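Structure first, then comments.
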Amino acid sequence: MTKNAPPEISIVVPLYNEEESLPELIEWIKKVCTENRLTYEVIMVDDGSTDGSWWVIERLAADHPELRGLSFRRNQGKSAGLNAGFRAARGRVVITMDADLQDSPDEIPALYEMIVKEGYDLVSGWKKKRYDPLSKTIPTKLFNLVTRKMSGIKLNDFNCGLKAYRQEVVKQIEVYGELHRYIPVLAKSAGFTKIGEKVVVHRPRKYGSTKFGWERFINGFLDLVTLAFVSRFSKRPMHFFGLLGTLMFLFGVMAASYIGISKLIALRRGIPAILVADNPWFYISLTSMILGTQLFLAGFLAELIIRNNPRKFDPAVVERTVNINREALYESK
Ligand code: UDP
Ligand code: MG
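If you read the sequence shown in my numbering, its first letter stands for residue 787, the second for the next number, and so on.
The structure is reproduced here in structure tokens:
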């Protein structure tokens, strides 16, 4: 590779406290890429590790000119890591891979081919046989089912860390919050619809431990809701709020008529009846309707504000870099 020609592949590796795996990972990537005569760069994004990950990256960069890296001052989450890596990436094809050696670099050439030869915009790995505890694989199945239904994208494994992209895709999408689980959905709504899947080898974690606990499911679900609303209703909120508002209003009218009519019947028959406003359901329906609408509106407005803020990635969080020009991260995508 001549010094300034962009490489064929950029391999983006977000990592958080993975010092033991990194040397093995870079050697393995190097072996695979040289054997297949692919020019490449590896971008390691140290997401505020508190172990020696950054020093390992610096040490490795001394022997590996293809290694580029940056570190966040504090832990920002995998999405922010990917986003920064995507900004720095120069390759025609960008491949993301977890640092923990659960994803095999042996998959790189086939993924690359699918993008350049078969014309895919995005190819997602599918860990058909997983080496993770049941407590993770079962909720994951559910997550994938819901995401598949809501997005209409036929993937079996949305959250696989191993994915390949045409460069334009990563330069156009903005991965923030915990949206790394839904990158195919982001890509689809940006107009990249040729999305494919490849069964990939998954390996047990060799070093360290998982960085995501049970909260992943709650956060993941909330993100899906966000995504569903933003992609469906952000341009026509009235279709959602109008419908919901009408339904609630009708429910209110029905509840009120029920209370009122039964009161009238009771009066007519001369049965003693409590005051309408003393009926507990009167307050329950009233408050839940008001609170529900208000909460929803607040959430939606907040989401719109976030979506309209173009600076979701703040390069100021980057503390150190190797072989990466800081200015490049500031340039808008
Ligand atoms: N990771 C990260 N920032 C975080 C959490 C995780 O960069 O805040 C990285 C982590 O180091 C690994 C990848 O994301 O390279 C996937 O994380 P992990 O292996 O813990 O997830 P799992 O395989 O258990 O889903
Ligand atoms: Mg892992």
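Backbone N, C-alpha and C fix where the C-beta goes; we use that ideal spot for every residue, glycine too. Predicted model only: the values in this text are computed from it and were never measured.
(message) Quick check on this structure: which residue in Ser-865, Leu-920, Leu-1033, Tyr-917 has the alpha carbon closest to the alpha carbon of Glu-960?
(response) Here residue 960 refers to the residue found at position 174 of the sequence shown. Selected option, being the one with the closest Cα: Ser-865.
(message) Rounding to the nearest angstrom, what Cα-Cα distance links Lys-915 and Cys-946 in this structure?
(response) Taking the first residue of the sequence shown as position 1, residue 915 is located at position 129. Taking the first residue of the sequence shown as position 1, residue 946 is located at position 160. Rounded to the nearest angstrom, the two C-alpha atoms are 12 Å apart.
(request) Please determine if the segment 791-807 and the segment 989-996 are in contact, where contact requires at least 3 C-beta pairs separated by less than 8 Å. (result) Yes: the two stretches touch, three or more of their Cβ pairs being nearer than 8 Å.
(message) In the DSSP assignment, the alpha helix (DSSP H) including Arg-873 goes from what residue to what residue?
(response) By 1-based counting over the sequence shown, the position of residue 873 is 87. First-last of the alpha helix (DSSP H) with Arg-873: 864-874.
(message) Mapping the DSSP letters down to three states, classify Lys-949 as helix, strand or coil.
(response) By 1-based counting over the sequence shown, the position of residue 949 is 163. Three-state result, Lys-949: strand.
(message) For the pair the segment 857-876 and the segment 813-833, tell me if three or more CB-CB distances fall below 8 Å.
(response) A contact exists between the segment 857-876 and the segment 813-833.
(message) Between the alpha carbons of Ile-1060 and Ile-1045, how many angstroms are there, rounded?
(response) In the sequence shown, the residue the question calls residue 1060 occupies position 274. In the sequence shown, the residue the question calls residue 1045 occupies position 259. Near 10 Å, if we compare the C-alpha coordinates of Ile-1045 and Ile-1060.
(request) Starting from the Cα of Ile-843, find the closest Cα among Val-909, Arg-823, Glu-810 and give me that residue. (result) Within the sequence shown, numbered from 1, the residue matching residue 843 stands at position 57. Selected option, being the one with the closest Cα: Glu-810.
(message) Assuming Gly-964 is part of the beta strand (DSSP E), what are its boundary residues?
(response) The residue given as residue 964 occupies position 178 in the sequence shown. The amino acid at residue 964 is misidentified as Gly; the sequence shows Glu. Segment: none, Glu-964 is in no beta strand (DSSP E) and carries neither H nor E.
(message) Measuring only from the beta carbon, is Asp-884 closer than 6 Å to any heavy atom that is part of the ligand MG?
(response) The residue given as residue 884 occupies position 98 in the sequence shown. True, at least one ligand heavy atom lies under 6 Å from that Cβ.
(message) At the 7 Å Cβ level, is Phe-1027 part of the contact set with chain C, yes or no?
(response) No chain C is part of this structure, which consists of one protein chain only.
(message) My output table needs one value for Val-955: the three-state DSSP class, helix, strand or coil.
(response) For the purposes of this step, residue 955 is taken as residue 169 along the sequence shown, with counting starting at 1. In the structure shown, Val-955 adopts helical secondary structure according to DSSP, grouped into three states.
(message) Following a CB-centred definition, is Thr-996 positioned closer than 6 Å to any heavy atom of the ligand UDP?
(response) Sequence index remark: in the sequence shown, residue 996 carries index 210 (1-based). Distances taken from the Cβ of Thr-996 to the heavy atoms of the ligand UDP include one shorter than 6 Å.
(request) Report the residue from Phe-1003, Gly-911, Leu-1033, Leu-887 whose alpha carbon sits nearest the alpha carbon of Pro-925. (result) For the purposes of this step, residue 925 is identified with residue 139 of the sequence shown, where counting begins at 1. Considering only alpha carbons, the answer is Phe-1003.
(message) Beta-carbon within less than 7 Å of Leu-846's beta-carbon, same chain only, minus the 5 sequence neighbours each way: which residues are those?
(response) Here residue 846 corresponds to residue number 60 of the sequence shown, with the count starting at 1. These residues qualify, in order along the chain: Leu-808, Pro-809, Ile-812, Leu-853.
(request) Hey, could you find the ends of the beta strand (DSSP E) Asp-1100 is sitting in? (result) Here residue 1100 refers to the residue found at position 314 when the sequence shown is read from its first residue. Here Asp-1100 belongs to no beta strand (DSSP E), and DSSP marks it neither H nor E.
(message) For a quick check, are the C-beta atoms of Leu-824 and Ile-797 less than 7 Å apart?
(response) Indexing the sequence shown from 1 puts residue 824 at position 38. Indexing the sequence shown from 1 puts residue 797 at position 11. Taking a C-beta distance under 7 Å as the contact criterion, Leu-824 and Ile-797 do not qualify as a contact pair.
(message) With three or more beta-carbon pairs closer than 8 Å as the criterion, would you say the segment 1047-1055 touches the segment 1030-1038?
(response) Contact between the segment 1047-1055 and the segment 1030-1038 is absent, because fewer than three Cβ pairs lie under 8 Å.
(request) Leaving aside the five residues before and after Pro-1101 along the sequence, list all residues of the same chain whose C-beta is less than 6 Å from its C-beta, in chain order. (result) Counted from its first residue, the sequence shown places residue 1101 at position 315. The answer, listed in chain order, is Leu-1115, Tyr-1116.
(message) Considering only DSSP beta bridges, list what Leu-856 is partnered with.
(response) Mapped onto the sequence shown, residue 856 falls at position 70. The partner list for Leu-856 (beta bridge, DSSP) reads Val-831, Thr-1107.
(request) Using a threshold of 7 Å, state whether the C-beta atoms of Ile-981 and Ile-939 are closer than that. (result) On the sequence shown, position 195 is the one that residue 981 refers to. On the sequence shown, position 153 is the one that residue 939 refers to. In this structure, Ile-939 lies closer than 7 Å to Ile-981 by Cβ.
(request) For the segment 919-936 and the segment 894-902, state whether three or more C-beta atom pairs, one from each stretch, are separated by less than 8 Å. (result) No, the segment 919-936 does not touch the segment 894-902.
(message) For a test of the three-state rule: what should DSSP assign to Thr-882, helix, strand or coil?
(response) On the sequence shown, position 96 is the one that residue 882 refers to. In the structure shown, Thr-882 sits in a strand (DSSP, three-state: E or B).
(message) Assuming Lys-984 is part of the beta strand (DSSP E), what are its boundary residues?
(response) Against the sequence shown, residue 984 aligns to sequence position 198. If you look at Lys-984, you'll find it in the beta strand (DSSP E) that goes 981-985.
(request) Can you grab the Cα-Cα spacing for the pair Asp-837 / Phe-858, in whole Å? (result) For this step, residue 837 is matched to residue 51 along the sequence shown. For this step, residue 858 is matched to residue 72 along the sequence shown. Annotation: Asp-837 to Phe-858 spans about 13 Å, alpha carbon to alpha carbon.
(request) Look at Gln-953 and Val-880 and say whether their C-beta atoms are less than 7 Å apart. (result) Taking the first residue of the sequence shown as position 1, residue 953 is located at position 167. Taking the first residue of the sequence shown as position 1, residue 880 is located at position 94. Taking 7 Å as the Cβ cut-off, Gln-953 and Val-880 qualify as a contacting pair.
(message) Rounded to whole angstroms, what is the Cα-Cα separation between Tyr-951 and Leu-1077?
(response) As a first step, residue 951 is located in the sequence shown; it is residue number 165 there, counting from the start. As a first step, residue 1077 is located in the sequence shown; it is residue number 291 there, counting from the start. Between Tyr-951 and Leu-1077, the C-alpha separation is close to 43 Å.
(request) Look up Thr-788 in the DSSP assignment and say whether it is helix, strand or coil. (result) Taking the first residue of the sequence shown as 1, we reach residue 788 at position 2. In this predicted model, Thr-788 has a pLDDT of only 48, less than 50, meaning its place in the structure is not dependable; the value taken from the coordinates is given anyway. Residue state, collapsed to three classes: coil.
(request) Could you tell me whether the Cβ atoms of Gln-888 and Arg-967 are closer together than 7 Å? (result) As a working note, residue 888 is residue 102 in the sequence shown. As a working note, residue 967 is residue 181 in the sequence shown. With contacts defined as CB atoms closer than 7 Å, Gln-888 and Arg-967 fail to qualify as a contacting pair.
(message) Taking its Cβ as the centre, do 16 or more other Cβ atoms sit within 10 Å of Asp-1064, making it buried, or is it exposed?
(response) Against the sequence shown, residue 1064 aligns to sequence position 278. Asp-1064 is exposed by the Cβ-count criterion.
(message) So, with DSSP's three-state summary, where would you put Ile-1060?
(response) Residue mapping note: residue 1060 aligns to position 274 of the sequence shown, counting from 1. Ile-1060 sits in coil when the DSSP states are folded into three classes, being neither helix nor strand.
(request) Can you tell me the Cβ-Cβ gap for Val-987 and Glu-893, rounded? I've got them flagged as a contact below 8 Å. (result) Residue 987 sits at position 201 when you count from the first residue of the sequence shown. Residue 893 sits at position 107 when you count from the first residue of the sequence shown. Contact check for Val-987 and Glu-893: beta-carbon distance about 7 Å, within the 8 Å limit, so the pair qualifies.
(message) Among the candidates Asp-886, Phe-1007, Val-902, whose CA atom is the shortest distance from the CA of Tyr-917?
(response) To locate residue 917, count along the sequence shown from 1; it is residue 131. Put simply, of Asp-886, Phe-1007, Val-902 the residue whose alpha carbon is nearest the alpha carbon of Tyr-917 is Asp-886.
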